[in-house]
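When we follow this note's numbering, the leftmost residue of the sequence shown carries the number 218, and every step to the right adds one.
Virtual Cβ for every residue (Gly too), placed ideally from N, Cα, C.
In this text the structure is predicted, and so the values were computed from the model without any measurement.
Worksheet: one structure, shown below.
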Amino acid sequence: MNEFLPFIVAGLATGAVYGLAGLGVVLTYKTSGIFNFGYGAVAALSAFLFHFLRADLGIPWPIAAAVCLGVLAPAMGLLLELLARSLAGANETIKVVTTVGMILIVAALGALWHPDNPPTFAPFLPQSTVRLLGVNVTWEQIVLFAFSLAASAVLFWFFRSVRFGIVMRGVVDDPDLVSMSGDDPVRVRRWAWILGTMFSVVAGLLLASAQPLDGVTLSTVVFAAFGAAAVGRFSSLPLTFAGGLLIGVAVAMVDKYAATVDWVGGMAPSLPFLILFVVLIVTPRGKLVQRRLVAQAQAYRPYHAPARVRLAAGAVAVGLLALVPAVQGAQIAVWSAALVHIILFLSLGLLIRQSGQISLCHMAFAAVGAAAFAHFAAVEGMPWAAALLLAALVAVPVGALIAIPAVRVSGVFLALATLGFGILAQQVFYTRGFMFGDSTMGIPAPRPTFTIGSLDFSTDEGFYYLLLVAALLVVVLVVAIGHGRLGRLLEAMADSPLALETHGATSSVLKVIVFCLSAALASLAGAFTGMLYQFGIGTYFEWFNSILIVAVVLLVTVGSPWYAVIAAIAYSVIPGYLHGGATTNSVLQLLFGLGAVTAVYATRAAGTPEPVRNFLDRLGGRRPAPATTGEARPAPRAPVTVRREEPAGKGLEVRDLTVRFGGVTAVDNVSLTAPPGAITGLVGPNGAGKTTTFNACSGLNSPTSGRILLHGADVTRASPARRARRGLGRTFQRTELFGSLTVRQNIAMGREAALAGGNPLAQLAGSRHAARLVADAAEEAMALTGTDRIADVQAGLLPIGQRRLVELARALAGPFDLLLLDEPSSGLDAYETEEFGRVLKTVVRERGTGILLVEHDMTLVREVCDRVHVLDFGSLIFEGTPEEMHASERVRAAYLGDAVALAGE
Ligand SMILES: Nc1ncnc2c1ncn2[C@@H]1O[C@H](COP(=O)(O)OP(=O)(O)OP(=O)(O)O)[C@@H](O)[C@H]1O
């Protein structure tokens, strides 16, 4: 035991600080819904300030620490709260990039402050030792542990016993309740940010000891707190602190074995990231609650010039790039790097721009490509092309590995998992022989030795042309993907994975495809990077650059593939011409960081100006764009004749369904049927359990007990997509449209998603016959609902009434014989509701579709429903015809109770 004790003591000391830092992370995440990826950056900034005051100005450390805590922490806290508030309505990627941008800023500031070797942060706590339990313990360790424990205890007490602390805990769950109790949620959050920032400042000062004063290193050290927060599932404060202790001790134990066990070497600092990654992979999906405080962001639709204009511009761009060796021969390396970056940015754009996924480990994919190519080509002596192809293929399983967290979690958790993986990959794998060899020089990455005519591809000029062709091929591939089924599915997934699933496409398969594809392309870029510099080595692929390139790709808001070209020029060519060396790079990094932090404004302001659009449209012979606002009311016409489908089966049966959420029984032993060719109403007061029943039917929640049968087959365990493919469609209480697609594309996706299904090949592309089927189904659904008049309007811009119609049309375009419609008339005026009812009746009459309708509008229920089920407090209290329902005392009492409750609010 004695041999372990010193390590356990050291581990507990650092672990307590990790725990403390983790508490700050959880605190701000819980109260604001914004995960602060810049947490380590704030810590680094406080270490900078402390060092400046103490070492440069000679101020005693207690005063320096007081300035950090009393001035820097509140100032940064207030700034961060403002930033967090500005992110209301922004999408997850923007939220991540905004706080990630702080790392770029602080790292750049640090590099500008000390351009050469950064000084070391001198310990300020006593290093003398005392003997405790037979172990030598430094006073620093004792203070770290005692201080962190005391600070955490005060925080727990504050949250449990102090009124303001209790309010702070409540603000994320129910801000309205907080307002009603007389507190201002903004003030509460502001204090939470200040408190959280104080924790990061303290963590910065305590963890920086003996570390170099460089922003990236310090941020990484404090990132260990993310591992602790993951153990606490980003929610529990005591578990987070315990997680910190666990990580501290685990790191110390790994350190103990590092000297003797070979494979353990270098693992200690990456252990928190391993734990972070593993927790995100193994934690049951429902346990990681993504905090959502704001309405879904409105999707932004980039302008695309007419095809003719784009082709011409592309030809000019290629022509100009082809001239580079002739006119800019001296800078050919810089331009070659830009071509490689076009490939890298396109591969990243496939994820973060086209599919709404986040990857903060893209450089790791590139590193795999560089290492694999160098091994295959230089060590194994394979032919160049075979080595390149195999290098791309080697990255595919790595992409699939990252798709695991992507399938399980999204948004901030995916960002964390990929960040953890990126750091882990660099710290554990880059340094191993199997990646870049045992020499610090890396492994040679040979250029091709073949020639075409007088063009020798091993020369700088020849290699440049080879890169130009490769970049062009990747551009063509990405454009083709964008125009094909895969591209449409990816865009739809970016807007609403939920809608895509409930229309039949399995989004997990789609995610695996896009991660594998993206990893393979990034791997190609990595292999070319190696060839460009003639060596494959880890330093070209640092994790930090993964976050830099995400910021770059997101900030250039022009359409695909142009963003990649412009971003590559900004990233590689401009610094090459400025000749400022490291300082120029730091200034650019600072600018990218500032851009990332303000990304929400940049992307809001994005868009091609109207005159430019008009000019390009005229140039390309395109008719004027349709109005983008949905002012015109699409008066539904007389229903068109629709095909009678095959007679539907037995319809939907819900048997003894019970759904509990913790202690709440939302649905209690409910049985009902929705037969084909009829409209069945499901009504009840607010909170009665209607949506929960719908979600159980379509597979969006797991029933505690009971069964769901579709046409006689038990689908209780089937995924939402599988149920959709079996004929069950639905709409949502809060509409789930593909906001960046047009109305026509939305409706077409209603059928195409089901055709794509869960088969990877079917998701990649569809046949011509399928395309006709999709177009016909969309036309018919549009005519039926009157949405053909707004077919080319972007769905995200429509008012609520039209959104409902589009959602219905999308469901009608799908291959569904049973539809679950969740409050479809809310937001419609009386006229629209009447028309809506007519459409429903037509569909049921002509197609034999069965409809289960959740509805608060009793007039509509009376007019269209054949039978009605009434829920109250999760239990079925009535079943009969609408007329019988209106006569029922029990139903009246349930509604009256609700009305009285409402009146009393
Ligand atoms: N994910 C969840 N976690 C915890 N409780 C939940 C969850 N979803 C629903 N509930 C609770 O279950 C009960 C039923 O909610 P549900 O949304 O199904 O009612 P509803 O009849 O659709 O109400 P409304 O008409 O207002 O939409 C409510 O008390 C609600 O607070």
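A distance below 8 angstroms between beta-carbons, with the five flanking residues on each side excluded, links Ile786 to the following residues of its chain, in chain order: Ala555. Bridge partners of Asp1039 according to DSSP: Val1071.
Distance between Phe375 and Leu366, taken at the CA atoms: about 14 angstroms. Taking Pro336 as the centre and dropping the five residues before and after it, the same chain places the C-beta of Leu430 closer than 6 angstroms to its C-beta, in chain order. DSSP places Pro826 outside both helix and strand once states are collapsed to three, so it counts as coil.
For Ile925, the enclosing beta strand (DSSP E) covers residues Ser922 to Leu927. In the assembly as shown, Leu795 is an exposed residue. Its beta-carbon has fewer than 16 other beta-carbons within 10 Å. In the structure shown, the three-state DSSP call for Phe878 is strand. Unbroken beta strand (DSSP E) stretches of 3 residues or longer found wholly inside the region 932-971: 945-947, given in chain order. Per DSSP, Glu1096 is one residue of the beta strand (DSSP E) stretching across Ser1092 to Gly1097. With respect to the 9 angstroms criterion, Tyr520 and Arg830 are classified as neighbours on the basis of their beta carbons. Counting only runs that start and end inside the region 303-350, the beta strand (DSSP E) elements of at least 3 residues fall at 346-349. Within the same chain, Cβ atoms closer than 6 angstroms to the Cβ of Asp677 are found at Ile549, the five residues on either side in sequence being excluded. Apart from the 5 residues on each side of it in sequence, Leu229 sits with its Cβ closer than 7 angstroms to the Cβ of Phe362, Leu462, Gly465 and Val466 in its chain, given in chain order. Ligand 1 never approaches Gln574 closely enough for any of its heavy atoms to be under 8 angstroms from the residue's Cβ. If you measure from each CB to the nearest heavy atom of ligand 1, the residues under 6 angstroms come out as Phe878, Val881, Ala883, Gly901, Asn903, Gly904, Ala905, Gly906, Lys907, Thr908, Thr909 and Gln950.
Apart from the 5 residues on each side of it in sequence, Val596 sits with its Cβ closer than 7 angstroms to the Cβ of Ile660 in its chain, given in chain order. The three-state secondary structure of Pro902, taken from DSSP, is coil. Bridge pairing for Asp1089: Ser1092 [DSSP]. In this structure, Ala543 keeps its C-beta atom at 9 angstroms or more from the C-beta atom of Phe254. Under the three-state reduction of DSSP output, Arg450 falls in the coil class, being neither helix nor strand.
Note on Pro920: 16 or more other CB atoms within 10 angstroms of its CB, so buried under the neighbour-count rule. With respect to the 9 angstroms criterion, His720 and Gly967 are classified as neighbours on the basis of their beta carbons.
Judged by DSSP in its simplified three-state form, Ile669 adopts strand.
Put simply, the backbone Cα of Gln545 is about 9 angstroms away from that of Trp552. For Ala476, the secondary structure class from DSSP, reduced to helix, strand or coil, is coil.
The Cβ-Cβ distance between Val496 and Val448 falls below 9 angstroms.
Within 10 angstroms of the beta-carbon of Ala588 lie 16 or more other beta-carbons, which makes it buried. Rounded to whole angstroms, Ala290 and Ala238 show a C-alpha spacing of 14 angstroms.
The continuous alpha helix (DSSP H) containing Asn912 extends over residues Lys907 to Ser915. By the CB criterion at 9 angstroms, Ala445 and Leu685 fall outside the cutoff. By the Cβ neighbour-count rule, Trp408 is buried, with 16 or more other Cβ atoms within 10 Å of its own.
A residue is called buried when at least 16 other Cβ atoms come within 10 angstroms of its Cβ; Asn334 does not meet this threshold and is exposed. The criterion of a C-beta distance shorter than 9 angstroms is not satisfied by Glu997 and Ala965. Taking the CA atoms as reference points, Val624 sits about 15 angstroms from Pro977.
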